Structures are given as C-alpha cells and as structure tokens.
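*Asks:* The numbering used here numbers the first residue of the sequence shown as 369 and each following residue consecutively. In this text, a Cβ means the ideal position worked out from N, Cα and C, and glycines have one as well. All values reported here derive from a predicted model rather than from experimental measurement. Attaching a single structure in structure tokens format; questions to follow.
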Amino acid sequence: MNSTNTKELNKNSLQYASHCDSEDELALFRQKFHMPVDEAGNELIYFCGNSLGLQPKITSDYLKQELDDWATLGVEGHTDARHPWMPYHEFLTESMAELVGAKPSEVVIMNGLTANLHLMMVSFYRPTSKKYKIVIERDAFPSDKYAVESQLRFHGHDPEDGLILWNPPEGEEICTMEGLEKIMEEEGDEIALIMIGTTNYYSGQHFPLKKITELGHQYDCLVGFDLAHGAGNIQPELHDSGADFAVWCTYKYLNSGPGSLGGCFVHERHAHDRNLNRFAGWWGHNKKTRFNMRHEFDVLPGAEGWQLSNPPILSMAAIRASLDIFKEAGFDRLRKKSLKLTGYLEFLLDELNDERISIITPRNPDERGCQLSIQVKNADKQLHDRLTEAGVISDWREPDVIRVAPVPLYNNFTDVFNFVQRLKNILNP
Ligand SMILES: *Cc1c(COP(=O)(O)O)cnc(C)c1O
369 MNSTNTKELN KNSLQYASHC DSEDELALFR QKFHMPVDEA GNELIYFCGN SLGLQPKITS
429 DYLKQELDDW ATLGVEGHTD ARHPWMPYHE FLTESMAELV GAKPSEVVIM NGLTANLHLM
489 MVSFYRPTSK KYKIVIERDA FPSDKYAVES QLRFHGHDPE DGLILWNPPE GEEICTMEGL
549 EKIMEEEGDE IALIMIGTTN YYSGQHFPLK KITELGHQYD CLVGFDLAHG AGNIQPELHD
609 SGADFAVWCT YKYLNSGPGS LGGCFVHERH AHDRNLNRFA GWWGHNKKTR FNMRHEFDVL
669 PGAEGWQLSN PPILSMAAIR ASLDIFKEAG FDRLRKKSLK LTGYLEFLLD ELNDERISII
729 TPRNPDERGC QLSIQVKNAD KQLHDRLTEA GVISDWREPD VIRVAPVPLY NNFTDVFNFV
789 QRLKNILNP
C-alpha cells in the first residue's frame with residue numbers, strides 16, 4: 369500500500385494499526401523476544417518493559433557460552449574463554465556508551481543502580497557546613513530518595529532540612545524549569561547536588577539534562593542523573609549534557625534480566641582526578657598490576673576507576689545479548705518508531721474522550737519516552753485489575769496512575785489498538 373491508502377484508512381481502526389505494522393521496518397524484532405502468555409498460551413499485551421524488559425531469544429545462547437566455558441575451562445576462563453572474563457565488561461562499554469551518548473571511557477557496567485548511586489555520591493556529594501542540600505524531583509523513585517536521605521544523614525544533616533523537592537506547580541503533575549530556577553535562586557548557595565531521575569518513573573516526564581546541568585553548574589552545584597527509565601528509551605546525550613555523573617539499570621528498557629547490573633557514567637572532566645574521594649576496590653585498580661596484589665591502589669582513569677568487584681559474567685552475558693540487538697536495530701530507528709507508537713497510543717486514548725481517565729505525561733514528544741501515565745479518576749484501582757484480567761500487563765502506581773509503555777523493540781501498533789479497545793470495553797461494559 370502507498371501513503372494515499374494510509375490517509376484513506378480510519379486511524380481508529382484495526383486495519384490502520386496493522387497497516388502501520390506492515391510498514392514498520394523494525395516489525396520483525398518482535399520475533400526476537402519471548403512474549404509472555406496467559407494460561408491458555410495466548411500472547412498477552414505486554415506494556416511493562418519500563419519495569420522489566422522482555423527476554424531476547426538469543427540471551428540463553430550467550431549465557432550458555434559462559435556456562436560451557438566455565439565447565440570446560442574453570443578458572444582459566446578468565447583468560448581463555450571465548451570472551452575472556454577478565455576484561456568482560458569492556459565488551460559492553462562501546463555499545464552502552466553509544467546508547468547513552470557518552471565516550472567509552474566515561475561508562476562502566478557494574479553493581480546495581482542504587483549501589484552505583486551511593487558510589488557516585490561518595491565522590492560527588494561533598495557537603496560543607498554551608499553548602500550541603502540536595503535537590504530531587506517530587507515523585508523521585510523511592511530507592512533514589514532513600515539513598516539521598518541516607519547520604520544526608522551520613523554527613524550529619526537532617527533530610528527535613530537538607531532535602532529539597534522540585535515540585536510541579538500547585539495542582540499540576542509536571543515539573544517546570546521555572547520551578548527549578550526558583551529553587552536555585554532562593555537556595556542555590558546552600559545546594560551541593562542536584563540529582564534528578566530522568567525520565568520520571570511515575571509521570572513519564574523526560575527532563576532536559578543539559579538545561580538542568582547548566583543551571584546547577586551556574587550555582588556551583590554538582591549534577592547527576594538517574595536514567596533507569598531513560599537508558600534504551602531516549603538518547604540522553606550524557607557527555608554533551610555536561611552532567612557530572614549518571615546511573616541506570618539494564619533490566620528495564622535494556623532487557624538484560626531481573627536484577628541485572630547497572631550502568632554508571634562519570635564525565636571525562638573527572639576522569640583523571642585522583643584526589644576525588646571514592647570507595648575503592650581491586651577492579652578499579654590498574655589492570656597491569658591488579659594481580660600483583662601487593663601494590664598500593666593505583667586507580668584506573670575514567671569510569672572504570674569506580675569498579676569494586678570482579679563482575680558477574682552471567683549477567684554481563686545477558687547485557688551483551690541485549691546490546692547486540694540494540695545495535696542491529698539502531699537507536700535512531702527505534703526512537704523514530706517509538707515516537708509514532710506512543711503518539712498512536714495517545715491519539716487513541718484521546719479518542720476515548722472519557723473523563724474517568726487522563727494522560728499526565730507531557731504532550732510534547734520531546735519531553736517523554738515511550739511511557740504514558742494514565743491518571744484514573746477517584747483512584748479507581750479496579751480499572752487496572754480489569755485490564756489485567758483482559759490480558760494486559762501494565763502496572764498500577766499509587767496513588768492513581770496506570771503506566772503503559774509500548775516498547776518499540778517488541779510492541780507494535782496492533783498491541784496499542786487492542787489495548788485501547790480492551791480499555792474501552794472495560795469503561796463501557
Ligand atoms: C527501577 C529504578 C530503580 C531501581 O533500583 P535498583 O538499585 O536497580 O534496584 C532506582 N531508581 C529508579 C529511578 C528506577 O526507575
């Protein structure tokens with residue numbers, strides 16, 4: 369079919385959705401993933417890739433390779449495995465750096481996200497008695513809030529006083545730069561760190577990293593980001609943003625399996641600063657002398673210098689599988705599809721024109737990734753329960769939001785159409 373035909377099709381129809389799928393150059397990537405099914409074996413509509421990404425079919429082969437090498441080589445696998453374990457994290461660096469817009473030397477895969485956040489704050493939250501406050505966004509992810517509060521306490525500050533919330537304007541759900549500017553004008557002299565979760569897990573709002581960083585640096589604050597909902601979803605251009613550090617996980621949009629390792633970015637301007645405080649471990653030590661064991665700590669330059677332990681190879685194998693798929697798909701093409709897919713979801717939800725639901729995610733596609741957050745009137749959680757019964761995997765976030773994330777790698781336009789159809793049937797039985 370040509371584009372004239374698309375125009376003739378009613379956008380709010382299954383034919384239109386399947387036509388978009390037939391024109392989607394990434395459509396076949398869906399087949400590279402295991403799609404969860406119900407008890408009868410029917411595929412579910414999976415819109416929870418923002419929480420746990422689906423398993424690529426190649427992942428088991430990547431894991432098996434390491435299991436086999438372990439079985440046949442034992443400890444020699446550190447040097448002799450097909451992908452030697454000693455430098456294994458290096459096999460991930462380049463693709464990961466590309467996905468987050470960083471230089472390879474600025475990126476390392478290690479630990480869990482929250483552990484990385486603490487390690488970053490050891491280096492980049494260096495409060496003085498006058499300048500010690502931390503800014504986070506309202507509705508920051510709980511783990512980030514706990515981490516930041518515990519760092520304040522660790523340095524002898526009461527979070528009641530030291531933690532500043534960047535709130536949306538009264539009665540609204542979306543934070544504005546004016547709001548942050550006002551905080552900085554009023555308290556900038558006392559603020560040591562701005563730490564923002566971008567994209568926000570609750571509202572789906574994507575924050576402008578560069579603007580926030582420039583604002584923070586203007587007030588001599590360090591600036592860090594949590595990209596748990598950004599990595600693999602939007603391109604954060606970390607290096608150009610000028611951010612001091614960033615952390616993320618790889619089990620959401622990066623499809624590397626439950627509890628898999630996190631990522632960490634340290635801007636190159638800090639790469640060679642040996643005076644930075646840090647918690648150290650042997651994997652951050654000079655690779656050439658690491659096994660001499662008796663050397664003084666000789667820190668590696670770049671993000672690698674923050675590593676502690678020798679990493680879990682099985683998790684890294686899963687990350688490698690996932691990154692190979694991203695490379696094949698190409699992030700620009702994924703983002704292009706994502707804009708269209710989420711735009712279609714937005715269009716169909718608007719067409720429902722039902723006052724019981726409203727989208728709180730920004731309407732401007734540049735200010736969001738693939739997720740839309742649907743606010744439900746009177747916090748009626750039943751709506752989410754009924755969706756689950758109808759074969760939709762989405763999630764409910766207190767107090768009143770259903771999050772749906774059509775992921776461009778494995779969701780399609782037909783998923784989006786069928787989802788809204790099921791929602792419509794629930795709203796109008
Ligand atoms: C998912 C998520 C986390 C989870 O932290 P882990 O240390 O990986 O368990 C933290 N912060 C944000 C913003 C998240 O979205």
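Within the continuous alpha helix (DSSP H) that includes Asp392, where are the two ends?
*Replies:* Asp392 -> no alpha helix (DSSP H), and no H or E assigned at all.
*Asks:* First and last residue of the alpha helix (DSSP H) that includes Met488?
*Replies:* Per DSSP, Met488 belongs to the alpha helix (DSSP H) from Leu481 to Phe492.
*Asks:* Would the C-beta of Thr482 count as close to ligand 1, meaning under 7 angstroms from any of its heavy atoms?
*Replies:* Under cutoff, so the answer is yes.
*Asks:* Would you identify the three-state DSSP class for Leu713, choosing helix, strand or coil?
*Replies:* It is helical.
*Asks:* Quick test of your reading: Asp612 and His638, contact by CB under 8 angstroms. State the CB separation rounded to the nearest angstrom.
*Replies:* Indeed, because the Cβ distance is near 7 angstroms, the residues count as touching under 8 angstroms.
*Asks:* Exposed or buried, which one is Asn479 when buried takes at least 16 other CB atoms within 10 Å?
*Replies:* Looking at its Cβ environment, which holds 16 or more other Cβ atoms inside 10 Å, Asn479 is buried.
*Asks:* List, from N- to C-terminal side, the beta strand (DSSP E) runs of 3 residues or more that fit wholly inside the segment 567-601.
*Replies:* Runs of the beta strand (DSSP E) inside the segment 567-601: 590-594.
*Asks:* Note down, one range per segment and in chain order, each beta strand (DSSP E) of at least 3 residues found wholly within the segment 442-485.
*Replies:* Counting whole runs of 3 or more residues, the segment 442-485 contains the beta strand (DSSP E) stretches 475-478.
*Asks:* Pop quiz: His451 and Phe459 are said to be a contact at Cβ under 8 angstroms. What is the actual Cβ separation, rounded to whole angstroms?
*Replies:* Yes, they are in contact, since the Cβ atoms of His451 and Phe459 sit about 6 angstroms apart, within 8 angstroms.
*Asks:* Candidates Asn786, Leu583 and Pro797: which alpha carbon is nearest Ala385's?
*Replies:* The option with the nearest alpha carbon to Ala385 is Asn786.
*Asks:* Write down every uninterrupted run of the alpha helix (DSSP H) in the segment 649-735 whose length is 4 residues or greater and which is fully enclosed by it, in chain order.
*Replies:* Those alpha helix (DSSP H) runs which fall completely within the segment 649-735 and span 4+ residues are 681-697 and 699-720.
*Asks:* So which of Gly631, Pro510, Leu412 and Leu485 has the shortest CA-CA distance to Glu462?
*Replies:* Looking at the Cα atoms, Gly631 is the closest of the given residues.
*Asks:* Just tell me which of Gln383, Val760, Tyr493 and Ile477 has its CA closest to the CA of Asn779.
*Replies:* Taking only the C-alpha atoms, the option nearest Asn779 is Val760.
*Asks:* To the nearest angstrom, how far is the alpha carbon of Val788 from that of Leu751?
*Replies:* Straight-line Cα distance between these residues: approximately 13 angstroms.
*Asks:* Within its chain, find whatever has a CB closer than 8 angstroms to the CB of Leu709; leave out the 5 residues flanking it on each side and keep chain order.
*Replies:* Excluding sequence neighbours, Leu709 sits near Cys738, Pro774, Pro776, Asn779, Asn780, Phe781 and Val784.
*Asks:* Using a threshold of 7 angstroms, is the CB atom of Ala395 nearer than that to any non-hydrogen atom of ligand 1?
*Replies:* No, the beta carbon of Ala395 sits no closer than 7 angstroms to any heavy atom of ligand 1.
*Asks:* Does the distance from the C-beta atom of Leu740 to that of Leu791 stay below 8 angstroms?
*Replies:* The answer is no: Cβ separation not under 8 angstroms.
*Asks:* One question on the structure: do Arg494 and Ala560 come within less than 8 angstroms of each other, judged by their Cβ atoms?
*Replies:* In contact: Arg494 and Ala560 (Cβ atoms closer than 8 angstroms).
*Asks:* I'd like the list of long-range same chain contacts for Ser381, defined as Cβ closer than 6 angstroms, with 5 residues on each side in sequence excluded.
*Replies:* So no residue of the chain qualifies.
*Asks:* Can you tell which of Ser690, Gly600 and Ala648 has the C-alpha that lies nearest to the C-alpha of Leu467?
*Replies:* Nearest option by C-alpha distance: Gly600.
*Asks:* By the 10 Å Cβ neighbour count, where 16 or more other Cβ atoms means buried, how is Val476 classified, buried or exposed?
*Replies:* Looking at its Cβ environment, which holds 16 or more other Cβ atoms inside 10 Å, Val476 is buried.
*Asks:* Identify the continuous alpha helix (DSSP H) that holds Leu548 and give its terminal residues.
*Replies:* Met545 to Glu555 is the span of the alpha helix (DSSP H), which, as asked, contains Leu548.
*Asks:* Can you tell me where the beta strand (DSSP E) holding Leu531 begins and where it ends?
*Replies:* Leu531 -> beta strand (DSSP E) spans Leu531 to Trp534.
*Asks:* Looking only at its own chain, which residues have a Cβ that is under 6 angstroms from the Cβ of Arg736, when we skip the five neighbours before and after it?
*Replies:* Closer than 6 angstroms at Cβ, skipping near neighbours: Gly572, His574, Thr729 and Pro730.
*Asks:* Quick check: the segment 658-668 against the segment 421-439, are there 3 or more CB pairs under 8 angstroms?
*Replies:* Counting Cβ pairs under 8 angstroms, fewer than three are found: no touch.
*Asks:* Would you check if the distance between the CB atom of Val634 and the CB atom of Glu474 is smaller than 8 angstroms?
*Replies:* The answer is yes: Cβ separation under 8 angstroms.
*Asks:* Does ligand 2 have even one heavy atom less than 7 angstroms from the beta-carbon of Cys543?
*Replies:* Inclusion of ligand 2 in the displayed structure is not the case, the ligand content consisting of ligand 1 alone.
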